[in-house]
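These notes concern the structure reproduced below.
In this note's numbering, the protein residues as written are 4 to 613.
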């Protein structure tokens, strides 16, 4: 008896641990949605501010609409296609049936990225404009195989004489299908519906590559929001969790009573979604400007302001890296204005993707800081207008790090006093920049012996220091003071320091990366006049001030940078980075051979273990 009781206790404990592992992250997300501060790791008081921010965030509301409507339509279409295909397979010859089943398994077993790239190339090759329709077709394509897989086993269990018996009793073939066959398959169809809706609503990878024209679902929007600390994500996640929980309770507690009601609600949702999709384009502005920018890299209120002032529509899309932006451009996607980084501007220039600027058509350019003009990646700024500028440096906790240690420059990142207390930026070029500068070399070197020495520096650092490679999550971690040292961009440093006064920023004398992101006009631009007006708009003092305040990076306009250094970011040295230092450089374009070499070494650095 004691043994059985002990066994039951252990089983209950295992179940509790399992559910704790599954649901603790969800509970934490919900708790932090009520945090009064921007921190994603420290509660600093109760507030509903992020729910208010969510409601007034137009881009998120549009993303919710896109996700729901795409999921509904994709579920309906894929369920119909999948069910009919499953029934058809049951009547097919064995060779054809097995062949189709094997083909059906390919998209299920395929990695999402392969499916995404394949669909992107398909739409580009047939000249289909990417947007809502391409996303919908893609979702139908990857949902249908799951419906077939769910329904087919139920079809196999049916008595093949049922349909014939129904028709012998006077039913038409259609009535035999709808009144006899489909009701017998309802369990498999329901399973397929749930799978299709869940996969469509949750999809990111495929959606990211096949969308365009400013169409984003929740997954894409949330992904772009994670580039900076944005607690609105928690509020959105909490609402989604609560809606799902309420629906599950209703379905399980009151199924009979709500059976017909749910059907009516579903029908209304479908009709409303169709109506909105059909009529959303009516009355739209004739002038459209397509802008492609990094995620969380503009004050979106400025986009609405530009639309009002110029009676136009901005189709605004975001990318997570210069490389993904380049991939999408090369796949055939067309935009009017791109906002890439310096080395990518050089690459786009070499490949004749962007056109020279007519500076006579750009108003406000006389206020640009001369220190950030005429840099090596674009001599004379023939092709690019500066957007934001900054440097890479060392963020340090002033209560832990001895400022004397900082005099060693990048070598402080190998000071064993700070072992296990360092974030390195999870970026191939930035990590090798640190190592190359620490070794006394140019960060744009192509000398293999110098590159190997930098590689050994990074390996030695890994071996001695137990460094953590972090991406944009370094922002919230350093606001919370989780490490003593971190390699960060100056704009991120400014934001962190404004939230945590214990932090300081240092640019080593060995030199660092001076980066500049710029606005460029593509050769496929459909409205040059509107594109130049957008660049001029971003150079208006009030707009540049609002944009720089919102994003946290240094404005290329000298007066704006000086204003913020004395007000919003007063006392934060990183807001006005040390451009012009003797050993500072900008990243240059790497040819494929050199890039491949760095990529191979970076893989070894990340895979290194003692």
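Glycine residues also receive a C-beta, built at the ideal position from the N, C-alpha and C atoms.
In this structure the stretch 453-467 does not lie against the stretch 517-524, because fewer than three pairs of beta carbons, one per stretch, are closer than 8 Å. The beta carbon of residue 484 is closer than 7 Å to those of 400, 503, 505 in its chain, skipping five residues each way along the sequence. Within the stretch 314-358, the complete alpha helix (DSSP H) runs of at least 4 residues fall at 325-333, 345-353.
Rounded to whole angstroms, the separation of the alpha carbons of residue 561 and residue 66 is 36 Å.
Pairwise C-beta distances place the stretch 341-357 in contact with the stretch 323-333, as three or more of them are shorter than 8 Å. Residue 160 counts as exposed, since fewer than 16 other C-beta atoms from the protein chains shown sit within 10 angstroms of its C-beta. Exposed is the label assigned to residue 598, since fewer than 16 other Cβ atoms lie within 10 Å of its Cβ. Judged by DSSP secondary structure, residue 146 falls outside any beta strand (DSSP E) and instead within the alpha helix (DSSP H) spanning 135-159. For the pair of segments examined, the stretch 237-244 was found not to touch the stretch 147-159: the number of CB pairs separated by less than 8 Å stays below three. Residue pairing by DSSP places residue 508 opposite 398 in a beta bridge.
Sequence-distant partners of residue 312 (beyond 5 residues in either direction) whose C-beta falls short of 8 Å from its own C-beta, in its chain, are 540. Residue state for residue 200 is assigned as helix, using DSSP reduced to three classes. Taken atom to atom, the span from the alpha-carbon of residue 308 to that of residue 224 is near 21 Å. A direct Cα-Cα distance of roughly 36 Å separates residue 408 from residue 38. Contact check for residue 516 and residue 590: beta-carbon distance about 6 Å, within the 8 Å limit, so the pair qualifies. Each residue's CA atom was taken as its position, placing residue 424 and residue 402 some 13 Å apart. Fully enclosed alpha helix (DSSP H) runs of no fewer than 4 residues occupy 451-468 of the stretch 439-473, in order along the chain.
Taking 7 Å as the cut-off, the Cβ atoms of residue 334 and residue 127 count as close.
Shown here, residue 608 sits in a helix according to DSSP, grouped into three states. Between the C-alpha atoms of residue 95 and residue 29 there is a straight-line separation of about 46 Å. Measuring C-alpha to C-alpha distances from residue 241 to each of 444, 26, 184 identifies 26 as the nearest. Residue 395 is not a Cβ neighbour of residue 413, given a cutoff of 7 Å. From the listed residues 538, 450, 474, 209, the smallest Cα separation to residue 366 is found for 538. Residue environment for residue 193: exposed (fewer than 16 other C-beta atoms within 10 angstroms of its C-beta).
Restricting attention to 494, 249, 416, the CA atom closest to the CA of residue 486 is found in 416. For the pair residue 208 and residue 302, the CB atoms are not nearer than the 7 Å cut-off.
Counting along the chain, the unbroken alpha helix (DSSP H) around residue 73 starts and ends at 61-93. Going by beta carbons, residue 555 and residue 494 fall inside the 7 Å limit. Per DSSP, the unbroken beta strand (DSSP E) holding residue 521 starts and ends at 517-524. With a threshold of 16 other beta carbon atoms within 10 Å, residue 499 meets it and is buried. The shortest CA-to-CA distance from residue 198 to any of 88, 246, 142 is the one to 142. In this model, residue 221 and residue 247 are separated by some 15 Å (Cα to Cα). With contacts defined as CB atoms closer than 7 Å, residue 138 and residue 75 fail to qualify as a contacting pair. CA-to-CA, the gap between residue 147 and residue 186 works out to about 20 Å.
The residues 487, 488, in chain order, have a CB closer than 6 Å to that of residue 421 in the same chain once the five nearest residues on each side in sequence are set aside.
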